[in-house]
Amino acid sequence: MKIIVSVKQVPVRDSLLRINGEGTWLDESDLSYEMNEPDAYALEEALQLKEKLGGEVVVICAGPQRVSQTIREALAKGADRAIHVQAEDLGPRDALTTAALLAAVLKAELPDMILTGLQSDDLGYGQTGVILAELLGYAHATIVMEVEPQGNTIRVKRELEDGWFQNVILPLPAVLTVQSGIKKLRYATLMGIKKAKTKEVKTVSASDLVPDTAPSALMERIYLPAHAKHTQILSGDPKDVARQLVEKLRFEARVL
Amino acid sequence: MSVLVVLEQHGGKWNRMAFEAAAAGKMIAESLGVPLQAVVLGSAIDGLANDAARYEFRKVFATDNPLLARYTPDGYTAALEQLIRAHQPRLIVFPHSYQVRDYAPKLSTRFRKAFISDVVGVKTENDQAVFVRQLFQGKLSADVRANGNPQFASVQAGAFRAMEPGDGQAQIERFAVKLDSAQIRSQPEEPFREAQRSVDLTAADVIVSVGRGIKEKDNLPVVEALAGVLGAELAASRPICDNGWLPMERQVGSSGQTVSPRIYFAIGISGAIQHLVGMKGSKTVVAINKDENAPIFETADYGAVGDLFEIVPALVEEIKKSKA
Ligand SMILES: Cc1cc2nc3c(=O)[nH]c(=O)nc-3n(C[C@H](O)[C@H](O)[C@H](O)COP(=O)(O)OP(=O)(O)OC[C@H]3O[C@@H](n4cnc5c(N)ncnc54)[C@H](O)[C@@H]3O)c2cc1C
Ligand SMILES: Nc1ncnc2c1ncn2[C@@H]1O[C@H](COP(=O)(O)O)[C@@H](O)[C@H]1O
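If you're matching them up, the sequences are chains G and W in order.
Under the numbering used here, think of the first position of the first sequence as 29, with each following residue one higher.
Under the numbering used here, think of the first position of the second sequence as 329, with each following residue one higher.
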């Protein structure tokens with residue numbers, strides 16, 4: 029089984045987000061980055077499938093030079109090799125543009141399965157996997173909670189709304205977008221970290237790729253959302269805040 | 329050059345977000361001065377089409393085909409592609425449901441167009457729609473403009489007030505699609521629910537809900553103490569359950585339970601939309617978060633900005649005192 033996992037690097041959770049001078053994207057100068065969380069789960073699922081069935085796990089990541097750190101992390105956890113699509117300007121791009129770059133590389137790989145995260149924590153499109161499937165002509169399933177290989181097909185458990193689930197059988201090759209929590213995450217071992225240094229990372233420059241699509245949506249401006257609701261914000265030292273809160277809950281909201 | 333709304337249904341019942349998307353579509357159609365249309369897909373959908381005709385659509389397309397009886401991304405994409413090519417709407421509006429997430433990006437890619445997902449607002453400028461969507465799980469907003477037609481956009485749950493039925497008499501037009509079972513690659517089985525839950529958060533009067541701000545499983549006693557003095561049920565955001573720190577059945581949100589207690593404490597929870605949809609119906613919401621810009625404060629009635637590890641124990645003491 030040859031499995032591709034797409035992994036994105038995103039700003040560390042709870043980063044202080046500062047908008048750039050033009051108001052078009054973030055000021056990236058003092059941000060730190062990490063692996064998009066759902067992608068860690070996609071990688072985990074791929075590694076466990078490989079452990080069961082044999083084969084290869086290949087990681088693909090598009091972004092600037094800094095993403096090589098995230099790629100190394102994936103290799104240290106057990107991916108066999110990686111492809112780095114070098115692109116400087118992906119920050120605010122639409123999902124179609126990014127997916128088209130990934131597809132242009134992946135069409136030569138002929139995997140059995142592509143696993144993506146469900147959604148990126150920064151742009152939050154939740155689309156890249158579905159678009160990849162369409163561009164490559166593969167079947168797909170989204171919000172996947174379980175994967176059960178059955179020869180030339182796979183049976184996956186999808187999450188639906190309101191506590192419902194559904195099993196779906198798909199022919200291979202297929203793209204799955206993986207929901208967080210699918211398996212327990214592993215940590216990289218010291219041995220893994222050492223081994224990662226010897227693994228192949230192929231670099232492809234986005235400018236050498238010929239994706240079959242042009243950007244069709246432009247993020248014109250980003251800004252802090254306007255506050256619509258008049259939340260009563262309580263401040264002071266913790267004791268004081270607690271005292272005010274209890275008072276409000278008792279006498280104003282009358283819920284205590 | 330219309331605005332076309334895709335009305336989502338499951339087994340003959342509307343998805344509750346369908347008419348929120350319709351409301352968004354109506355607003356855009358009016359400001360662009362173009363007609364508003366809707367489409368219903370499925371098998372044996374006359375009843376639904378008639379029901380849709382009561383709303384303020386100029387026209388309702390009924391796309392009835394046995395191969396659409398069960399949702400599949402291949403079937404829905406092929407059907408809507410044919411409708412869009414034949415009738416050329418300039419904008420197609422969807423609810424941002426799990427089903428739409430599953431096929432709308434595929435459909436828009438057929439047209440080599442971006443799909444502007446999870447929109448919370450729309451403005452029109454120079455006869456063009458500008459869509460507002462959230463980034464970083466609601467911490468930032470972005471204005472997005474699509475170029476060329478058709479355009480594709482989905483509307484976030486709760487962002488628009490649902491359209492009410494009127495005495496409208498929309499014209500119903502049957503749109504026959506050509507589908508072949510060989511085109512449909514996935515075989516969906518019957519949807520199911522997991523075994524009965526042992527906790528019913530929906531009946532809880534007071535809920536103390538904990539998020540990733542708690543940092544480690546070993547810190548859970550901090551919030552358990554609060555739940556204890558309040559006689560509250562303990563609940564959580566998704567990452568807490570993903571990590572196995574609390575059982576899945578205590579998860580609140582779009583993939584967990586939908587609760588409406590008298591009072592909901594959101595502690596170290598940022599307020600992502602998938603969490604909010606599960607607790608917005610609470611009567612009083614108290615948020616405790618160290619980030620004053622956390623989106624949860626938009627939903628809270630009372631907000632305490634600060635470290636939960638200091639505020640929650642102090643709160644426990646105060647409540648004990650007030651009860652004494
Ligand atoms: C299809 C789909 C379905 C989903 N379903 C659900 C669902 O059903 N339920 C759900 O909850 N999520 C769901 N999610 C995930 C959701 O998008 C968010 O990722 C999740 O709700 C975030 O959880 P959180 O707020 O606990 O964590 P975070 O977003 O990481 O927020 C942690 C918060 O804690 C605060 N904090 C940190 N330290 C402290 C401290 N010491 N004191 C006070 N505050 C502190 C931070 O400021 C931050 O605001 C779903 C996502 C998708 C894509
Ligand atoms: N630049 C990227 N490089 C590699 N994978 C990506 C990239 N952007 C998105 N993805 C993948 O697509 C998933 C969904 O992202 P999105 O559609 O932006 O929400 C992510 O979880 C990743 O698996």
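Quick reminder that beta carbons are idealized off the backbone N, C-alpha and C, glycines included.
In this text the structure is predicted, and so the values were computed from the model without any measurement.
query, result
"Exposure of R521/W, with buried meaning 16 or more beta-carbon neighbours within 10 Å", "exposed"
"Cβ-Cβ separation, Q511/W to D402/W (assumed contact under 8 Å), whole Å", "6 Å"
"At least 3 beta-carbon pairs within less than 8 Å: the region 187-199 of chain G vs the region 126-135 of chain G", "no"
"Closer than 8 Å to chain W by CB, A70/G", "no"
"Under 7 Å (Cβ pairs) to chain W, residues found in the region 234-248 of chain G", "T241, S244, A245, L246, M247, E248"
"Local conformation of I647/W per DSSP, three classes", "helix"
"Among E275/G, F279/G, E280/G, R282/G, nearest to L643/W - alpha-carbon criterion", "E275/G"
"Beta strand (DSSP E) runs wholly inside the region 452-513 of chain W, at least 3 long, in chain order", "456-463, 468-474, 479-483, 499-502"
"Spatial distance of G361/W from R271/G (CA atoms)", "55 Å"
"Beta-carbon proximity check, A256/G vs E626/W, cutoff 8 Å", "yes"
"Beta-carbon proximity list for A123/G, same chain, < 7 Å, skipping 5 on both sides", "Y153, Q155, T156, I159"
"Closer than 7 Å: G122/G CB and nearest ligand 1 heavy atom", "The residue you asked about is not Gly; residue 122/G is Asp in the sequence shown. Checking the Cβ of D122/G against ligand 1 gives no."
"Straight-line gap, Q147/G to F464/W (C-alpha atoms, nearest Å)", "11 Å"
"Candidates G606/W, E577/W, S582/W, S610/W, of which the one nearest R590/W by Cα", "S610/W"
"Proximity test, A470/W beta-carbon vs ligand 2 heavy atom, cut-off 7 Å", "no"
"DSSP three-state assignment for P417/W, whether helix, strand or coil", "coil"
"Chain-ordered chain G contacts of L639/W [CB-CB under 8 Å]", "Contrary to the premise, residue 639/W reads as Ile rather than Leu in this sequence. Residues of chain G passing the Cβ test: P266, V269, A270."
"Partner residues on chain W for L5/G, Cβ-Cβ distance less than 9 Å", "Any question about residue 5/G goes unanswered here, given that chain G covers just 29 to 284."
"Interfacial residues, the region 587-614 of chain W to chain G, with Cβ spacing under 8 Å", "R590, I591, K611, T612, V614"
"Contacts that G572/W makes with chain G (C-beta to C-beta distance below 8 Å)", "K212"
"H255/G beta carbon near ligand 1 (any heavy atom closer than 7 Å)", "no"
"Residues sharing a beta bridge with E561/W, DSSP", "I535/W"
"Pair within 8 Å by beta-carbon distance, E228/G and R109/G", "yes"
"Beta carbon of K25/G nearer than 8 Å to that of G145/G", "The displayed coordinates of chain G run from 29 to 284. Any statement about residue 25/G would go beyond what the structure contains."
"R214/G beta carbon less than 8 Å from that of E72/G", "yes"
"Per-residue DSSP class, three states only, for A224/G", "helix"
"Chain-order list of residues whose beta-carbon lies under 8 Å from that of E557/W (same chain, five-residue window excluded)", "For the sequence presented, residue 557/W should be read as Val rather than Glu. Once the five neighbours on either side are set aside, the close Cβ partners of V557/W are V644, I647, K648, K651."
"Cβ pair S233/G, Q114/G closer than 8 Å", "yes"
"Contacts that D296/G makes with chain W (C-beta to C-beta distance below 9 Å)", "The structure shown does not extend to residue 296/G, since chain G spans only 29 to 284, so no value can be given for it."
"Heavy atom of ligand 2 within 7 Å of I624/W beta-carbon", "no"
"Beta carbon proximity, G634/W to chain G, threshold 8 Å", "yes"
"Short CB-CB distance (under 8 Å) between R109/G and chain W", "no"
"is_contact[P199/G, chain W] using C-beta, thresh 8 Å", "yes"
"Whole-angstrom C-beta distance between I601/W and G539/W, which should lie under 8 Å", "Their Cβ separation, rounded to whole angstroms, is 14 Å, which puts G539/W and I601/W out of contact at 8 Å."
"8 Å Cβ cutoff, P177/G in contact with chain W", "no"
"Local conformation of A110/G per DSSP, three classes", "strand"
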